[in-house]
Amino acid sequence: MQDYQNQKSTVLDILAAHQSMPGSLLPILHGIQDTLGYIPQAAVADIAKALFLSQAEVHGVISFYHYFRETPPGQHTIHICRAESCQSMGSKQLENHAKQQLGIDFHETTADGLFSLEPVYCLGNCACSPAITIDENVYGRVSPDAFDKLLAAHKGTE
Amino acid sequence: MTRLFISRDSTALSLGAEQVVKAVQQQAADKGLDIEIIRNGSRGLFWLEPLLEVETAQGRVAYGPVQADDIAGLLDNGLLDGAQHPLFLGDIEALPYFKNQNRLTFARVGLTDPVNLADYLAHDGYRGLSNALALQPAEIVKHVSDSGLRGRGGAAFPTGIKWNTVMNAPADQKYIVCNADEGDSGTFSDRMIMEGDPFVLIEGMTIAGLAVGATQGYIYLRVEYPHAFIALNQSIESAYQHGYLGENIQNSGKTFHLEVRRGAGAYICGEETSLLESLEGKRGLVRFKPPLPAIVGLFGKPTIVNNVISLASVPIILDKGGEYYRDYGMGRSRGTLPLQLAGNIKHPGLFEAAFGMTLREVLYEYGGGTATGRPIRAVQVGGPLGAYLHEEQFDTPLDYEAFAAISKVLGHGGIVVHDDTVNMADMARYAMEFCVEESCGKCTPCRIGSTRGVEVIDRIIDGIEKDKNTILLRDLCNTMTYGSLCAMGGMTPFPVLSSLNHFPEDFGLTTEKV
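Residue numbers (my numbering), protein chains in the order written: chain S, 1 to 158; chain V, 1 to 514.
The following block contains the structure:
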């Protein structure tokens, strides 16, 4: 875990930039996660103080939304779509294959810190199922073979 | 100079469009060819993406699906002159899949540069707003009412009635909120508009603002759509620069501000009151209704909450009049619905058609059957809360009332095809599991009912007291349908019961078929 003291100024800057927006909490949380990769638990107190909320309220919002995370992600985050369209084209097999190849389950990060694996319910790429994203890039018609190639490319071994 | 078109649409990118762009740029530079690449939206014929179009003396000529490796051969073969090639498709608009559509809302998608305001204006953009600026608010609302437009997000509530309510609600501040939390599996029409013609949404929201006296709009965009986020923000910035947003729009003295806010991966935030809570910076808990958001909406003020496609259909209605739009469609379903063909289908894509085609036509004539070549067994229409249809129901016309008559929903127009390898008990279980995952937790039938639903279906699948548990499942579905606060718990029984009724054999039941 990184020392929050190094992150605190980033959090305070983001708070200062967004504080006057109506309904600013989600933009603030996005800003922090965009910058730091996650929302450090220690930041909750600062956010709560700036917005005149209780820490419980801030934590409640963070934990309500699947996208926000309170632990650092791996170097790359892989989202695999679990929704119906992708299921119709073999996403369950892909999901099992990915878990096996990475040696982790959903919401986990590989020991080498390279990959985090997350489920997602629809990427809007249903015309080319099954779909995944690696970081911000979306990939369609991902077979287990194609998945392995993408993994290799992101490991820098190909 | 020759202009080439390669899409910036997410699905095209997911198939390698970016690599195609790089290959063309590099090889054209090596050969000293004078080209310009326009990053357009997608035409929506996704089995042909990445699609490459070339502007020639004979018009636009398409090639597809093109991979980066194909570029050298294509260029050597006379790509810039629109020469023949195994990937040659000719005029994409002449293909039956495209030609037989009624492209009203999607008129520009795939044709223009989505973030180029001049291109938008050159293709009839902002004509609706220009008309609206000369009208009284009530006249704008009347055009929308006359068009027969109903909410395209799924609930199909008449848009004109909603607008009228907000128009007549006195308040110092009102809001226009665009629901761009397109979470239904099998749907991507909102995304295609936002990536492929974002100005049409901006224009539609601006008109809505004029109609009801709202000066601030928000687009609540799901975080899973990063490319739409970029395209919307580029276009909004350009609209501000050129006086189409902000104070004194086109010297009319009218004001409308617009901002994109990102969601954070909660399906329930597609429910309008949950969305409003989220926009206010809270957990996305569903609100009790009444009061309606039209009276007490965002920050307690009268608010229009409309889906992307509803708002993006407004400019053409204001451009050509409500009657023009109303003349498409059947019965009480007027205008067009952008259908989205997804899942296990040979020709997936977006197909905008007037209401009234049968599902069978869409599935076979245009969709071409399954991608795997196996028979179609079940089709889910209307997202994860939509019912499954079986073969005998494929002749149902795509019309809100015709679907309601057989206890199905059209929803947002998503059509997900499954072949005969699908196990419908698994799909029913998944529907309950999805509800467990995505329930906001406010009401008991949804929060607890879905968990119990997974357990009961598991027992049926495992052969434990099948008959008793089937009765229990039906009873539970009844409680969820009538006891839930919103459509999340209220409609989860649709996929569950349609699976059970149409495919009892998958549950190991023989006598259930309804």
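We treat Cβ as the ideally placed atom computed from N, Cα and C, and that holds for glycine.
(Q) Quick check: the Cα distance between V:L45 and V:F88, rounded to an integer number of angstroms? (A) Within the second sequence, residue 45 of chain V is the residue found at index 45, counting from 1. Within the second sequence, residue 88 of chain V is the residue found at index 88, counting from 1. For V:L45 and V:F88, the distance between alpha carbons rounds to 15 Å.
Q.
For a test of the three-state rule: what should DSSP assign to V:F586, helix, strand or coil?
A. What is shown of chain V runs 1 to 514, which leaves residue 586 of chain V out entirely.
**Q.** Distance between beta carbons of V:V115 and V:P198, contact taken as under 8 Å
**A.** Residue mapping note: residue 198 of chain V aligns to position 198 of the second sequence, counting from 1. Residue mapping note: residue 115 of chain V aligns to position 115 of the second sequence, counting from 1. 7 Å between Cβ atoms; contact.
Q: Please name the residues in the region 368-381 of chain V whose beta-carbon is closer than 8 Å to at least one beta-carbon of chain S, in chain order.
A: A371 and Q380
Q: Starting from the beta carbon of S:P40, find every residue of chain V whose beta carbon is closer than 8 Å, and list them in chain order.
A: Your numbering for residue 40 of chain S matches position 40 in the first sequence. Per Cβ cutoff of 8 Å: no residues; S:P40 is ~17 Å from chain V at best.
Q.
Given a cut-off of 8 Å on the beta-carbon distance, is the pair V:L473 and V:L398 in contact?
A. Looking up residue 473 of chain V in the second sequence gives position 473. Looking up residue 398 of chain V in the second sequence gives position 398. Not closer than 8 Å, so no.
Q: Can you give me the Cβ contacts of V:G349 inside the same chain, cut-off strictly under 6 Å, excluding the 5 residues immediately before and after it?
A: The residue labelled residue 349 of chain V in the question sits at position 349 within the second sequence. Once the five neighbours on either side are set aside, the close Cβ partners of V:G349 are G44, L45, F46 and L341.
Q: Taking only runs that begin and end inside the region 91-173 of chain V, name each unbroken alpha helix (DSSP H) of 4 or more residues, in chain order.
A: 96-99, 117-122, 127-133, 137-147 and 159-168
Q: For the region 174-189 of chain V, enumerate the residues whose C-beta is nearer than 8 Å to any C-beta of chain S, in chain order.
A: E182, G183, D184, S185, G186, T187 and F188
Q. Is the Cβ of V:N131 closer than 8 Å to any Cβ of chain S?
A. Position 131 of the second sequence holds residue 131 of chain V. Not an interface residue.
**Q.** 8 Å Cβ cutoff, S:Y65 in contact with chain V
**A.** Residue numbering aside, residue 65 of chain S sits at position 65 when the first sequence is read from its first letter. Yes, S:Y65 lies at the interface with chain V (some Cβ there is under 8 Å from its Cβ).
Q.
Closest to V:L298 by C-alpha separation, out of V:A107, V:Q241 and V:E280, would be which residue?
A. Numbered from its first residue, the second sequence carries residue 298 of chain V at position 298. The candidate whose alpha carbon is nearest that of V:L298 is V:E280.
Q) How many angstroms separate the CA atom of V:P375 from the CA atom of V:V362? A) Start at 1 with the first residue of the second sequence, and residue 375 of chain V comes out as number 375. Start at 1 with the first residue of the second sequence, and residue 362 of chain V comes out as number 362. The straight-line gap from Cα to Cα measures roughly 15 Å.
Q) In its own chain, which residues sit with a C-beta less than 6 Å from the C-beta of S:R69, not counting the 5 before and 5 after it? A) The residue labelled residue 69 of chain S in the question sits at position 69 within the first sequence. The answer, listed in chain order, is Y38.
Q) Closest by CA to V:K282, which one among S:F64, S:K8 and S:D34? A) Position 282 of the second sequence, counting from 1, holds the residue named residue 282 of chain V. The shortest Cα separation from V:K282 among S:F64, S:K8 and S:D34 belongs to S:F64.
Q. Mind checking if V:R46 is an interface residue toward chain S, Cβ cutoff 8 Å exclusive?
A. As a first step, residue 46 of chain V is located in the second sequence; it is residue number 46 there, counting from the start. The residue asked about is misnamed: residue 46 of chain V is Phe in this sequence, not Arg. For V:F46, the answer is yes, since a Cβ of chain S falls inside 8 Å of its Cβ.
**Q.** Start-to-end residues for the alpha helix (DSSP H) that takes in V:R459
**A.** For this step, residue 459 of chain V is matched to residue 459 along the second sequence. Its alpha helix (DSSP H) spans residues T444 to I461.
Q.
I want to verify the contact list: residues of chain S whose CB lies under 9 Å from the CB of V:T11, in sequence order.
A. Residue numbering aside, residue 11 of chain V sits at position 11 when the second sequence is read from its first letter. In chain order: G124, N125, C126, A127, C128, A131, V138 and G140.
Q | Secondary structure of S:L151, DSSP reduced to three states | A | The residue labelled residue 151 of chain S in the question sits at position 151 within the first sequence. It is helical.
Q) Closest to V:V200 by CA distance: which of V:Y175, V:G151, V:D113 and V:S185 is it? A) Within the second sequence, numbered from 1, the residue matching residue 200 of chain V stands at position 200. Measuring from the Cα of V:V200, the nearest candidate turns out to be V:D113.
Q: Determine the burial state of V:M491: buried for a count of at least 16 other Cβ atoms within 10 Å of its Cβ, exposed for fewer.
A: Counting from one through the second sequence, the residue named residue 491 of chain V turns up at place 491. With 16 or more other Cβ atoms within 10 Å, it is buried.
Q) Where does the unbroken beta strand (DSSP E) through V:L389 begin, and where does it stop? A) For this step, residue 389 of chain V is matched to residue 389 along the second sequence. Here the beta strand (DSSP E) through V:L389 covers Y388 to H390.
Q: Please go through the region 56-88 of chain V and give each complete alpha helix (DSSP H) segment of 4 or more residues, from N-terminal end onward.
A: 71-76
Q: May I have the straight-line CA-CA distance separating V:D419 from S:G90, to the nearest angstrom?
A: Start at 1 with the first residue of the second sequence, and residue 419 of chain V comes out as number 419. Start at 1 with the first residue of the first sequence, and residue 90 of chain S comes out as number 90. Looking at the two C-alpha atoms, the distance is approximately 11 Å.
Q) Under the three-state reduction of DSSP, which class applies to V:A180: helix, strand or coil? A) For the purposes of this step, residue 180 of chain V is taken as the residue at position 180 of the second sequence. Of the three classes helix, strand and coil, the one that applies to V:A180 here is strand, per DSSP.
Q: Taking S:T10 as part of the alpha helix (DSSP H), name the residues at either end of that continuous run.
A: Within the first sequence, the letter at position 10 stands for residue 10 of chain S. Start and end: Y4 to H18.
Q) What are the complete alpha helix (DSSP H) segments, minimum 4 residues, inside the region 12-39 of chain V? A) 17-31
Q) If the cut is a Cβ gap below 8 Å, which residues of chain V does S:A17 touch? A) Reading the first sequence from its first residue, position 17 is the one you call residue 17 of chain S. Within chain V, no residue comes near S:A17; the closest Cβ sits about 14 Å away, beyond 8 Å.
**Q.** Below-8 Å beta-carbon distance, V:N40 vs any chain S residue
**A.** By one-based count along the second sequence, residue 40 of chain V stands at place 40. No - not a single Cβ of chain S is within 8 Å of the one on V:N40.
Q | Backbone secondary structure at V:G368 - three-state DSSP | A | Position 368 of the second sequence holds residue 368 of chain V. If DSSP states are grouped into helix, strand and coil, V:G368 belongs with coil.
Q.
I believe S:H76 touches S:D135 by the beta-carbon criterion, under 8 Å. Please report the beta-carbon distance rounded to the nearest angstrom.
A. Mapped onto the first sequence, residue 76 of chain S falls at position 76. Mapped onto the first sequence, residue 135 of chain S falls at position 135. With 8 Å as the limit, S:H76 and S:D135 qualify as a contact, their Cβ atoms being about 6 Å apart.
Q: Could you check how far apart the C-beta atoms of V:F494 and V:A402 are, in whole angstroms? I think they sit under 8 Å.
A: Your numbering for residue 494 of chain V matches position 494 in the second sequence. Your numbering for residue 402 of chain V matches position 402 in the second sequence. Not really, about 16 Å apart at Cβ, beyond 8 Å.
Q) Would S:E158 be called buried (16 or more neighbouring beta carbons within 10 Å of its own) or exposed? A) Taking the first residue of the first sequence as 1, we reach residue 158 of chain S at position 158. With a pLDDT of 41 at S:E158, under the threshold of 50, the modelled position of that residue is not reliable, and no figure is offered here.
**Q.** Within 8 Å, strictly: CB atoms of V:V177 and V:T303
**A.** Here the question's residue 177 of chain V lines up with position 177 in the second sequence. Here the question's residue 303 of chain V lines up with position 303 in the second sequence. Yes, Cβ-Cβ distance for V:V177 and V:T303 is below 8 Å.
Q: Using a Cβ-Cβ cut-off of less than 9 Å, list which residues of the region 341-364 of chain V approach chain S; keep chain order.
A: L341, A342, G343, N344, I345, P348, G349 and L350
Q.
Give me the chain S residues within the contact set of V:G284, using Cβ-Cβ distance strictly less than 7 Å, ordered along the chain.
A. On the second sequence, position 284 is the one that residue 284 of chain V refers to. Here the neighbours are F64.
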